[in-house]
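The opening residue of the sequence shown carries number 6 in my numbering; numbering runs sequentially from there. Cβ atoms here follow ideal geometry from the backbone N, Cα and C, with glycine treated the same way. These numbers come from a predicted model, not from an experiment.
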Amino acid sequence: MGNMEAFLMILMLAALGWALLLRGRLVTAEAELQRCCAEQGEQSERQLLQQHALLDSMVEGVLVLDAENHIELTNASLRQLLGLVEDVNGLSLEEAVPVAVRAELKELVAAVREAGELREGELQLNGGDPKLVHINAHCLQRGAGQHTLLVFHNVTRLKELENTRRDFVANVSHELRTPLSLIKGFTETLMDGAVDDPKKSREFLQTIDKHADRLGYLIDDLLTLAQLDSGRLAMNRQPTNLRALAERVEDDLRAKATKRSIELKTDIPADLHLDADGDRLQQAVFNLVDNAIKYGRTGGSVTIEGCVSIKGMAEVAVADDGEGIPAESVEQVFERFFRVDKARSRETGGTGLGLAIVKHIVHSHGGKVRLESRIGKGARFILSLPLAAVSEETV
Ligand code: ADP
């Protein structure tokens, strides 16, 4: 072999070596690429799952529509809100959305598309319970097509709370203004000369005093309700002897009962103990007996009874033999400021909050309150409350 041939041979061998080396590198790089792709695939699958979990855990409903109003994406909240089946992707709005909201929803989407910006709208969903929904809509430009992202906020509860708050403020203002204007009116009459007439001035001063008391009761009841509502009032539950509690209420209200010649009676076993906050329970029983005296029959009787129900709960009943409460008002009497007879309640210094407080106190003990009444047959309020362990042993 000449020098030239040897040189060529060496060159070929070197080239072959390079080629082999390069191939080895290529194989490694290919394996590396495959591994990366697999990892990325896993990663994006994981990300996708996370995104779905995130979407489904949202309180707001999410809906994405493509340019032809076909559904691209929904989350669990939206499906629940609109009553959609699980798999609606690919369906048109007509096919997937209930008739009740279809037209309004399409109108909203069209408006967003036209404006090409964030839009707010409200939908009144009437299927089942009516719901009020706020919608934020946003256009997403994807290639040539325009997609729409809609986020649904269910504001029904918020609206209800807002209405309750507004009604409450209006009621409180009215309740405060009535005695206040009476006090002002009688004071002005006195100042205009009635003060010189001893009979009139005494009468007017008594009226002023009565309405000032009413303002005081109202403020006390409002504070009690505010405390109960705030949830900050811890119930100090102890074994509470019902008979002793009823006797304290009787002592506090005996003078008031005597004024209307009403006899106060109790029928409670001596060993009946409730698992209750004594002060709060006494306030509830006081409110019931106070009402029974106010609305009971002149010369009649009011009874506080106690027993153990077949369900193993303590039952406390306050019964009178007055006019009673009409059937249609039996549920409403526990609402704040509701009165069957407004004039009578005001005349007797009522605040319209007594039974709302009773209900709140009983519920805070995990108990229930019910009313049995018929017109002309008196009223009987029954509280069902947990027994204390001491009483359970003796049942
Ligand atoms: P009020 O301060 O007006 O008495 P309550 O919340 O205690 O407010 O009671 C609400 C309404 O329920 C009263 O205004 C009255 O019309 C009715 N009511 C309550 N207790 C009785 C009862 N024992 N007999 C008849 N009506 C009653």
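### Query
Any heavy atom of the ligand ADP within a distance shorter than 7 Å of the CB on residue 297?
Look at residue 297: its beta carbon is less than 7 Å from one of the heavy atoms in the ligand ADP.
### Task
With DSSP as the reference, label residue 277 as helix, strand or coil.
coil
### Query
In this structure, what does DSSP give as the bridge partners for residue 124?
142
### Task
Express the C-alpha separation of residue 380 and residue 333 in angstroms, rounding to a whole number.
11 Å
### Message
Helix, strand or coil, according to DSSP, for residue 375 in the structure here?
### Response
strand
### Pairwise C-alpha distance: residue 128 and residue 151
23 Å
### Query
Excluding five sequence neighbours on each side, which residues of the same chain lie with their C-beta closer than 7 Å to the C-beta of residue 222?
354 and 356
### Message
Tell me which residue opens and which closes the alpha helix (DSSP H) that residue 224 is part of.
### Response
203-235
### Message
For the ligand GTP, I want to know if residue 350 counts as a neighbour, meaning its beta carbon is within less than 7 Å of at least one of the ligand's heavy atoms.
### Response
Absence of the ligand GTP is noted for the structure shown, with the ligand ADP being the only ligands found.
### Rounded C-alpha distance that separates residue 347 from residue 270
28 Å
### Task
Indicate the three-state DSSP secondary structure (helix, strand or coil) for residue 257 in the structure shown.
helix
### Query
In chain order, which continuous runs of the alpha helix (DSSP H) of length 4 or greater are located wholly inside the stretch 291-336?
none
#### Entry: Test: residue 190 CB closer than 8 Å to a CB of chain C
In the structure shown, chain C cannot be found, because there is only a single protein chain.
### Query
Is residue 370 helix, strand or coil when you go by DSSP?
coil
### Query
Considering residue 239, what are the terminal residues of the beta strand (DSSP E) in which it resides?
Taken as a continuous stretch (DSSP letters only), residue 239 belongs to no beta strand (DSSP E), as it is neither H nor E.
#### Entry: Own chain residues within Cβ distance below 8 Å of residue 67, not counting five before or after
60, 78, 79, 80, 82, 83, 154, 155, 156 and 157, listed in sequence order.
### Query
From residue 211 to residue 190, what does the alpha carbon distance come to, in whole angstroms?
13 Å
### Task
Kindly examine the ligand ADP and report whether one of its heavy atoms sits closer than 7 Å to the Cβ of residue 411.
The displayed coordinates of the chain run from 6 to 400. Any statement about residue 411 would go beyond what the structure contains.
### Beta-carbon contacts of residue 266 that lie in its chain and below 7 Å, excluding the five residues immediately before and after
303 and 304
### Task
For the beta strand (DSSP E) holding residue 384, just list the boundary residues, first then last.
384-390 is the span of the beta strand (DSSP E), which, as asked, contains residue 384.
### Task
Could you have a look at residue 74 and say whether DSSP puts it in helix, strand or coil?
Correct three-state label for residue 74: coil.
### Message
Let's see if you can read the secondary structure: which residues bound the alpha helix (DSSP H) around residue 272?
### Response
Premise fails: residue 272 lies in the beta strand (DSSP E), 268-272, not in any alpha helix (DSSP H).
#### Entry: Check: residue 219 C-beta below 7 Å from any heavy atom of the ligand ADP
no
### CB of residue 324 within 8 Å of CB of residue 311, strictly
no
### Message
Runs of 3 residues minimum, wholly inside the stretch 68-118: which ones carry the beta strand (DSSP E) assignment?
### Response
76-79
### Task
Provide the residue span of the alpha helix (DSSP H) that contains residue 353, from first to last.
Counting along the chain, residue 353 falls outside any alpha helix (DSSP H), and DSSP gives it neither H nor E.
### Query
Does DSSP put residue 359 in a helix, in a strand, or in coil?
helix
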